[in-house]
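Chemist: With the working numbering as the guide, the letters of the sequence shown map in order to residues 70 to 386.
There's a structure below that I have some questions on.
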Amino acid sequence: MFGRLFGKKKEEKTQDDLLLEQSLQKTRSGILGRIGAIFQENEITDELWEELEDTLVAGDVGMTTSEELLTAVRERVQRENIKAGGDAYLVLKQEMVKLLKTDEPLHIDEPRILTVVLVVGVNGSGKTTSIGKMAAYYKRRGRKVILGAADTFRAAAIDQLKIWGERAGVEVIAHEPGADPGAVIFDAIRASQESRQADLLIVDTAGRLQTKFNLMKELEKVKMVAGKQVHRAPHEVLLVLDASTGQNAIAQAKAFQASAGVTGIVLTKLDGTSKGGAVLSIKRELGVPVRFVGTGEKVDDFALFDPWRHATRNTQV
Ligand SMILES: Nc1nc2c(ncn2[C@@H]2O[C@H](COP(=O)(O)OP(=O)(O)O)[C@@H](O)[C@H]2O)c(=O)[nH]1
Ligand SMILES: [Mg+2]
Numbered sequence: 070m071f072g073r074l075f076g077k078k079k080e081e082k083t084q085d086d087l088l089l090e091q092s093l094q095k096t097r098s099g100i101l102g103r104i105g106a107i108f109q110e111n112e113i114t115d116e117l118w119e120e121l122e123d124t125l126v127a128g129d130v131g132m133t134t135s136e137e138l139l140t141a142v143r144e145r146v147q148r149e150n151i152k153a154g155g156d157a158y159l160v161l162k163q164e165m166v167k168l169l170k171t172d173e174p175l176h177i178d179e180p181r182i183l184t185v186v187l188v189v190g191v192n193g194s195g196k197t198t199s200i201g202k203m204a205a206y207y208k209r210r211g212r213k214v215i216l217g218a219a220d221t222f223r224a225a226a227i228d229q230l231k232i233w234g235e236r237a238g239v240e241v242i243a244h245e246p247g248a249d250p251g252a253v254i255f256d257a258i259r260a261s262q263e264s265r266q267a268d269l270l271i272v273d274t275a276g277r278l279q280t281k282f283n284l285m286k287e288l289e290k291v292k293m294v295a296g297k298q299v300h301r302a303p304h305e306v307l308l309v310l311d312a313s314t315g316q317n318a319i320a321q322a323k324a325f326q327a328s329a330g331v332t333g334i335v336l337t338k339l340d341g342t343s344k345g346g347a348v349l350s351i352k353r354e355l356g357v358p359v360r361f362v363g364t365g366e367k368v369d370d371f372a373l374f375d376p377w378r379h380a381t382r383n384t385q386v
């Protein structure tokens with residue numbers, strides 16, 4: 070029965086397959102490939118479940134998430150009387166997709182009202198790069214985008230954002246290095262609303278200050294300034310996480326979640342890692358959806374984490 074039910078799906082890639090590949094299989098050693106190989110055995114034994122758990126954990130899915138995932142799959146396999154490895158593999162994929170699905174729409178999609186997006190994350194995670202990509206992405210879709218350079222801690226960070234602004238063809242509001250980030254966001258919002266009538270303001274922030282305490286205080290202040298100028302701003306606080314840091318990304322996420330109120334994740338560097346499994350834990354542990362993925366250093370190496378609505382050419386990198 071299941072062979073027939075699933076048989077049709079095997080021939081062509083479904084949206085769910087694309088989602089999983091996009092998030093987990095950026096390298097030849099991607100965990101989906103390894104999991105697929107395990108199920109080729111075609112007989113469902115205790116060893117298979119053990120091997121599967123090891124593979125999930127090695128792919129940085131995380132202990133708790135792996136266990137939950139496997140419990141759900143084993144229950145269904147038993148309940149639905151599934152005997153073939155291939156069918157159990159499909160059940161596993163379905164359960165993974167359940168973990169990944171973004172259930173809220175992207176708040177950026179509101180036209181004509183200024184949407185303020187604050188981008189946070191540790192240095193080197195890919196904030197500035199992702200902002201550049203996001204700017205190009207939304208500009209191509211007819212949005213008027215402005216960037217705010219509120220990472221004033223390093224001069225190079227401001228220059229880098231300006232380069233991305235030129236590349237994407239959008240304006241960058243910046244102050245001198247060392248300036249107050251609150252003043253930058255204030256000006257950036259004013260510019261976005263008044264003369265430029267922008268739809269979307271994306272604000273870069275510092276990833277590291279003298280102390281973590283200072284950093285979190287600064288983020289709080291920037292948020293407060295935004296909230297005074299625009300109703301409910303910032304509308305999104307996107308946390309940029311480097312997927313290759315695996316489970317460490319989860320620890321970072323928790324720290325930023327506590328002080329910055331993260332509403333979404335941008336998961337970068339999926340092109341260079343076999344540790345993409347962390348994405349499954351992020352959604353589960355933080356309850357925050359992954360909005361975008363970065364799959365390289367170029368402007369187009371970027372995709373919305375929602376192939377149902379926005380299949381782009383990047384989904385099959
Ligand atoms: N391979 C790859 N490299 C990336 C990606 N996103 C960013 N990078 C690189 O990561 C490094 C740090 O990025 P940057 O945007 O400066 O990080 P920031 O310090 O958080 O602003 C740069 O060399 C980027 O080119 C990605 O998705 N894939
Ligand atoms: Mg930067």
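Virtual Cβ for every residue (Gly too), placed ideally from N, Cα, C.
Roughly how many angstroms lie between the CA atoms of L308 and S328, to the nearest whole one?
Modeler: By one-based count along the sequence shown, residue 308 stands at place 239. By one-based count along the sequence shown, residue 328 stands at place 259. One C-alpha to the other measures close to 12 Å.
Chemist: Among R353, A127 and Q316, whose alpha-carbon lies nearest the alpha-carbon of G333?
Modeler: As a first step, residue 333 is located in the sequence shown; it is residue number 264 there, counting from the start. For the residues R353, A127 and Q316, the minimum Cα distance to G333 belongs to R353.
Chemist: DSSP on R277, reduced to helix/strand/coil?
Modeler: The residue given as residue 277 occupies position 208 in the sequence shown. For R277, the secondary structure class from DSSP, reduced to helix, strand or coil, is coil.
Chemist: For G201, count the other beta carbons within 10 Å of its own beta carbon; 16 or more makes it buried, fewer makes it exposed. Which is it?
Modeler: On the sequence shown, position 132 is the one that residue 201 refers to. Result: buried.
Chemist: Counting Cβ pairs closer than 8 Å, one from the stretch 139 to 156 and one from the stretch 104 to 111, do we hit at least three?
Modeler: yes
Chemist: Is DSSP giving E110 helix, strand or coil here?
Modeler: Position 41 of the sequence shown, counted from the first residue, corresponds to residue 110. Residue state, collapsed to three classes: coil.
Chemist: How about E144: is its Cβ closer than 7 Å to a heavy atom in ligand 1?
Modeler: Working through the sequence shown from its first residue, we reach residue 144 at position 75. Result no, Cβ not under 7 Å from ligand 1.
Chemist: Quick check on the burial criterion: 16 or more other C-beta atoms within 10 angstroms. Buried or exposed for I242?
Modeler: Your numbering for residue 242 matches position 173 in the sequence shown. Buried.
Chemist: Mind checking whether T221 and G247 have CB atoms under 8 Å apart?
Modeler: Taking the sequence shown and counting its residues from 1, the one referred to as residue 221 is at position 152. Taking the sequence shown and counting its residues from 1, the one referred to as residue 247 is at position 178. Taking 8 Å as the Cβ cut-off, T221 and G247 qualify as a contacting pair.
Chemist: Locate the beta strand (DSSP E) running through L307, then write down its first and last residues.
Modeler: Here residue 307 refers to the residue found at position 238 when the sequence shown is read from its first residue. Residues E305 to D311.
Chemist: For a quick check, are the C-beta atoms of V188 and V160 less than 8 Å apart?
Modeler: Stepping through the sequence shown from its first residue, residue 188 is reached at position 119. Stepping through the sequence shown from its first residue, residue 160 is reached at position 91. Against a cut-off of 8 Å, the Cβ pair of V160 and V188 comes out as no contact.
Chemist: Rounded to whole angstroms, what's the CA-CA distance from K162 to D86? Just pull it up for me.
Modeler: As a position in the sequence shown, residue 162 is number 93, starting the count at 1. As a position in the sequence shown, residue 86 is number 17, starting the count at 1. Looking at the two C-alpha atoms, the distance is approximately 8 Å.
Chemist: What runs of the alpha helix (DSSP H), each 4 residues or longer, lie entirely inside the stretch 319 to 372?
Modeler: 347 to 355
Chemist: Assuming contact is defined by CB atoms lying nearer than 8 Å, are V357 and V335 in contact in what I supplied?
Modeler: By one-based count along the sequence shown, residue 357 stands at place 288. By one-based count along the sequence shown, residue 335 stands at place 266. No, these two residues do not count as a Cβ contact at 8 Å.
Chemist: Could you tell me if the beta carbon of K196 falls within a distance shorter than 7 Å of some heavy atom in ligand 1?
Modeler: By one-based count along the sequence shown, residue 196 stands at place 127. For K196, the distance from the CB to the nearest heavy atom of ligand 1 is below 7 Å.
Chemist: Just list the residues that DSSP pairs G217 with in beta bridges.
Modeler: Here residue 217 refers to the residue found at position 148 when the sequence shown is read from its first residue. Answer is I242 and V272.
Chemist: Taking 7 Å as the line, does the beta carbon of Q229 fall inside it for any heavy atom of ligand 4?
Modeler: Absent from the structure shown: ligand 4. Ligands present: ligand 1 and ligand 2.
Chemist: Helix, strand or coil, according to DSSP, for V191 in the structure here?
Modeler: Taking the first residue of the sequence shown as 1, we reach residue 191 at position 122. If DSSP states are grouped into helix, strand and coil, V191 belongs with coil.
Chemist: Would you say A248 touches ligand 2, meaning its beta carbon is less than 7 Å from a heavy atom?
Modeler: Reading the sequence shown from its first residue, position 179 is the one you call residue 248. No, ligand 2 has no heavy atom inside 7 Å of this Cβ.
Chemist: Around the C-beta of Q266, are 16 or more other C-beta atoms found within 10 angstroms, so that it is buried, or is it exposed?
Modeler: Reading the sequence shown from its first residue, position 197 is the one you call residue 266. Classification for Q266: exposed.
Chemist: Can you find a heavy atom of ligand 2 that lies under 7 Å from the Cβ of A204?
Modeler: To locate residue 204, count along the sequence shown from 1; it is residue 135. Result no, Cβ not under 7 Å from ligand 2.
Chemist: Relative to the C-alpha of V185, which residue among R210, G341 and H300 is closest?
Modeler: For the purposes of this step, residue 185 is taken as the residue at position 116 of the sequence shown. Ranked by Cα distance from V185, the first of R210, G341 and H300 is H300.
Chemist: Return the CA-CA distance between F255 and H244, expressed in angstroms with no decimal places.
Modeler: The count along the sequence shown starts at 1 and reaches residue 255 at position 186. The count along the sequence shown starts at 1 and reaches residue 244 at position 175. F255 and H244: Cα-Cα distance of roughly 11 Å.
Chemist: Would a C-beta distance cut-off of 8 Å place A237 and A204 closer than the cut-off?
Modeler: Start at 1 with the first residue of the sequence shown, and residue 237 comes out as number 168. Start at 1 with the first residue of the sequence shown, and residue 204 comes out as number 135. Yes, the Cβ-Cβ distance between A237 and A204 is below 8 Å.
Chemist: Measuring CB to CB, does M165 end up less than 8 Å from L349?
Modeler: Stepping through the sequence shown from its first residue, residue 165 is reached at position 96. Stepping through the sequence shown from its first residue, residue 349 is reached at position 280. Contact: yes.
Chemist: Among the residues of its own chain, which have a CB less than 6 Å from the CB of A302, if the five just before and after it don't count?
Modeler: As a first step, residue 302 must be located in the sequence shown, where it is residue number 233. Around A302: V185, A295 and G296.
Chemist: Please return the same chain residues whose Cβ sits closer than 8 Å to the Cβ of R259, not counting the five positions on each side in sequence.
Modeler: Here residue 259 refers to the residue found at position 190 of the sequence shown. The beta carbon of R259 lies closer than 8 Å to those of Q298 in the same chain, with the five residues before and after it left out.
Chemist: Excluding five sequence neighbours on each side, which residues of the same chain lie with their C-beta closer than 7 Å to the C-beta of Q262?
Modeler: By one-based count along the sequence shown, residue 262 stands at place 193. Here the set comprises L183.
Chemist: From the DSSP secondary-structure annotation, give me the bridge partner or partners of A295.
Modeler: As a first step, residue 295 must be located in the sequence shown, where it is residue number 226. Note: A295 sits in no beta bridge, so no partner.
Chemist: Do S313 and G341 have their beta-carbon atoms positioned less than 8 Å apart in this structure?
Modeler: The sequence position of residue 341 within the sequence shown is 272, counting from 1. The sequence position of residue 313 within the sequence shown is 244, counting from 1. Yes, Cβ-Cβ distance for G341 and S313 is below 8 Å.
Chemist: Taking 7 Å as the line, does the beta carbon of A329 fall inside it for any heavy atom of ligand 2?
Modeler: Looking up residue 329 in the sequence shown gives position 260. Not one heavy atom of ligand 2 sits closer than 7 Å to the Cβ of A329.
Chemist: For E240, tell me which candidate among M132, V272, A252 and L168 has the shortest Cα-Cα distance.
Modeler: To locate residue 240, count along the sequence shown from 1; it is residue 171. Considering only alpha carbons, the answer is V272.
Chemist: Given a cut-off of 8 Å on the beta-carbon distance, is the pair G251 and V291 in contact?
Modeler: Taking the sequence shown and counting its residues from 1, one reaches residue 251 at position 182. Taking the sequence shown and counting its residues from 1, one reaches residue 291 at position 222. Yes, they are a contact pair.
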